Every structure is written in structure tokens, then in C-alpha cells.
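Peer 1: Residue numbers (my numbering): 7 to 390.
C-beta: ideal position from N, C-alpha, C; glycine also.
Since the structure is predicted, the reported quantities are computational estimates derived from the model, not experimental observations.
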Amino acid sequence: MIKMGEAESKPSIEVVVCANSMNNTSANNHQSHPSHSPILTKIHAGYFFISLSFGAQALLWKSLSERNKDSQTLWQSFNLMPHVAFLLLWSLSVLIATTPSFLYMLKCIFHFDMVKEEFSHYIGVNYMYAPWTSWLLMLQSAPMIVPRTFHYQFLCLAFSFAILLLDVKLYGQWFTTEKRFLSVVANPVSHVSVIGNLVAAQVITEIGWKECGISMFSLGMVHYLILFVTLYQRLTSSNQFPTVLRPAYFLFFAAPSIASLAWKSITGGFLIPSRMLFFLSLFLFMSQACRPNFFKKSMRKLTVTWWVCSFPLTFLGLACAEYSQEVEGSTASALMLVICVVSVLVFISLMLISVLKIERLLLKKLLLVTLNEVSLTQKLELYR
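1. Should the segment 99-106 be called in touch with the segment 163-177, which here means at least 3 C-beta pairs below 8 Å?
2. Quick one: using the 10 Å Cβ neighbour count with 16 as the cut-off for buried, is Ala340 buried or exposed?
3. Please look up how many angstroms separate the CB atoms of Leu142 and Val209, rounded, as I've assumed it's under 8 Å.
4. Is Leu351 closer than 8 Å to Val310 when the C-beta atoms are compared?
5. Tell me whether Pro194 is buried or exposed, calling it buried when 16 or more other Cβ atoms sit within 10 Å of its Cβ.
6. Under 8 Å, with one C-beta from each stretch per pair, do the segment 253-262 and the segment 291-310 reach the 3-pair mark?
7. Which residue wins for smallest C-alpha separation from Phe247, given the options Gly130, Leu65 and Ser71?
8. Would Trp313 pass as a contact of Ser59 if the rule is Cβ separation under 8 Å?
9. Quick one: what's got a C-beta closer than 6 Å to Tyr133's C-beta in the same chain, skipping five residues either side?
10. Applying the criterion that 16 or more other CB atoms from any shown protein chain within 10 Å of the CB defines a buried residue, is Thr320 buried or exposed?
11. What number of angstroms, rounded off, separates the C-alpha of Lys270 from the C-alpha of Phe55?
12. Assuming Leu225 contacts Pro262 (C-beta within less than 8 Å), just tell me the rounded distance between them.
13. Would you call the CB atoms of Phe291 and Tyr329 closer than 8 Å?
14. Closest by CA to Ser280, which one among Cys326, Phe317 and Cys315?
15. Suppose you measure from the CA of Ala136 to the CA of Ser360; what does that come to, to the nearest Å?
16. Under 8 Å, do Ala265 and Met227 count as touching if we go by C-beta distance?
17. For Ser99, tell me which candidate among Ser140, Tyr110 and Ser69 has the shortest Cα-Cα distance.
18. Provide the residue span of the alpha helix (DSSP H) that contains Thr211, from first to last.
19. If you check the beta carbons only, do Ile272 and Thr211 fall under 8 Å apart?
20. Does DSSP put Cys346 in a helix, in a strand, or in coil?
21. Compute the Euclidean distance between the alpha carbons of Ser57 and Ser336, then round it to the nearest angstrom.
22. Closer than 7 Å by C-beta to Ser276: which residues in its own chain qualify, once you throw out the five before and the five after it? Chain order, please.
23. I need the straight-line Cα distance from Glu334 to Lys307, nearest angstrom please.
24. Quick one: Cα of Leu70 to Cα of Leu109, how far?
25. Give the secondary structure of Arg186 by DSSP, where H, G and I count as helix, E and B as strand, and everything else as coil.
26. Considering just the uninterrupted stretch of the alpha helix (DSSP H) at His50, what are its terminal residues?
27. Is Cys162 near Ile213, with beta carbons less than 8 Å apart?
28. Considering only C-alpha positions, which residue in the set Ser97, Val198 and Leu172 is nearest to Ala148?
29. Going by DSSP in three states, Ile359 sits in which element: helix, strand or coil?
30. When we look at the beta-carbon of Glu217 and count the other beta-carbons within 10 Å, is it buried (16 or more) or exposed?
31. Taking only three categories from DSSP, how would you classify Glu334?
32. Which whole runs of the alpha helix (DSSP H) in the segment 214-275 are 4 residues long or more, in chain order?
33. Would His157 count as contacting chain C if we go by Cβ distances under 8 Å?
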């Protein structure tokens, strides 16, 4: 009887001790973290996909409104768009890019371990290219800044240099770190790093630094070709890509679209290499559009990954605009009109849905669980 009493008392004592320790720990956490902790722990680099979409859309509106104002073709329909609408869009884009940038800087100060964990993850590290790329698009679409001014050039070079530093870190791991070989960590989100290099190449070339633009373009295109072949082979990493991140497959046609624009800036015309890249992006877009069931599961609940569907379409619309201006045919103009309208409709739809379901968009748990699940699955595959 005494032994039974002792056996029964031990669990109760252990439960009380655990509860007290948990209460003390939670109390200490509340005391150590200020009131800004919840929002800072929810923000992550993936939210810069929103600012990336806004910046690309502002660039599209600026490009379409400035072309052939005296033309009698389909371009004239875009000239009816009031200039005030573009100014409002660009101002909103700057606000949306500034807010997560400020919050993420605070997160680097107060929650550096979480930032380090995100940077160390083979999917999350690609998100780090999004803020710098979005700011380059903001500068490129700015309505009042002259590209040849000192401040403009300084900002473009600074953001491009940040992308280059990320290249040294990420691409170096692909070559030298055994558990970080590209055949192991390659995934569709890896295209974000390629897009960052190509956007930097275009912007740097436009400010007059052509040789630097060529170097960034060559760096981006070489890794795009390697990444494309790696993902096409369907290795272990691509088989374990989470369902919720499937909108990232739209990045397949975003890279050649922006590559065609970057090469146009380097050569001064939308020549055969640019057209070849444009046709490749158009083919990849149609191959994705013909498989709606593939994206059905990932679109059931709103996540920030939905915004990955927006800026690839915008880049394709910009490439279509350049192609239609070079070819000057009714078919090319009609194609440009369809792609641009689809891009604008997708952008507006995502903006409205995000405003109506903002609390769902700020839910971080979904992303972290997904990333942790992928990390665990990959470790099992590596050590199997």
C-alpha cells in the first residue's frame, strides 16, 4: 500500500513542478520580450513578395503609359489611364515596401536567431533576395527620379551589391557544401535568386554601368540554366517540395521574361536572343496555365505565397510589350493586351483578397510548419 501511494504521488509532484516551470518560463518570456514581439515574430522575408508584386506592377503601368502616345494601335487604350492612378500605385508600392523593411530590421535586432534560422534554411534563404529586388523595381518605376542622378545610381549599386553578396553566400554553398549541393537543395523558389540578378543587370545597365550589368546577367543566366536542368530532372529535393508553396512554380517563366528585358537593355533592342527568351517564358507560362489542378490544393487557404503568382505575370507582360513594339503586328499587340490584362486582374484580385483576409495573411504558423516539415523530410532522405 505504501509503495502504491508513493507511485501515485510521483506523477502529481512531477506535473506540479512542470506546470510551475512552464509558468515561470512564460512569465520570463513576457518580461524579456516587449509588446512589439508578436508582429516581429510573424513577419518574414516572404512578405517581400507583396512589395515585389507592387513594384513590378508599377513598372508595367509606367511602361505602358509612356509608349507610343500618338499611335493608333492597342497601345492607345493604355494611354487613357490617368497619370494620377500610376502615382497612387507607386506611392502605395513604396509604402508597402517600406513597412516590412522597417519591421524586418527590427526583427534583426530583437529576434536575430529567427532571422538566422530563416537565412540558414535552403528555401528561406532565397526569400532574402526579394527585398533588394523589390527596391530596385521601385527605383526603376519611379516617376520623378532621373536615372543619371547620383542618388539614383548610388541606390541602384547599393541594392545590386547586396544581391551580389547573397550570391557569394548562396552559390558558394551550392559548389562547396556537401549537404547544400544544388542537386539536394534545388527548388522552384531558387528562381528568386536568379530574378534578383537579372533585375540588377537591367537596372545597372540603364544607369550606364554596362560591363557590370553584363556580369550580373551572365551570373544569373548561368545559374538559371543549371537550376532549370536540375529541377527538370526531378531529383530528391523537388520531390519533397511542399504543396502550399506550389505557386512558386510560376517563377519558372518569370526568369526568362526578365532575362529578355535585361538583354534588351544591354544590346539596346529586343533582338533575337531576347525574343528566344520571351518565347521560352511564354511556353512555360502556357504549360503552367494548362495545369490548374496542380495548384488547386495550394490555393484553398490564403498565404503570402499567393503573391508569387503576380509578378511573374507582370514580367511576362513587360516582355510582351517589348516584343509587340518591336514586331508591330496585330497578333503581337493582341497577345500583349491579353497578358497585361490578366496580370492587372490577378494583381487587383490578390490585393482585394489580402485586404479582406489580412489576419489570414499574417499567419506565420503555416509557413514555419511547412519549412520544418520539408527540412525533416530532407534530413531523412539524406541519411536514409
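Peer 2: Taking the structure as given:
1. no
2. exposed
3. 5 Å
4. no
5. buried
6. yes
7. Gly130
8. yes
9. Ala51 and Gly52
10. buried
11. 25 Å
12. Actually they are not in contact, since the Cβ atoms of Leu225 and Pro262 sit about 16 Å apart, beyond 8 Å.
13. no
14. Cys326
15. 19 Å
16. yes
17. Ser140
18. His197 to Glu212
19. yes
20. helix
21. 33 Å
22. Per the sequence shown, residue 276 should be read as Phe rather than Ser. Only Lys270, Glu328, Tyr329 and Glu332 meet the Cβ criterion.
23. 42 Å
24. 33 Å
25. helix
26. His50 -> no alpha helix (DSSP H), and no H or E assigned at all.
27. yes
28. Ser97
29. helix
30. exposed
31. coil
32. 216-238, 242-245 and 257-273
33. Checking the listed chains, one finds no chain C in this structure; it contains a single protein chain.
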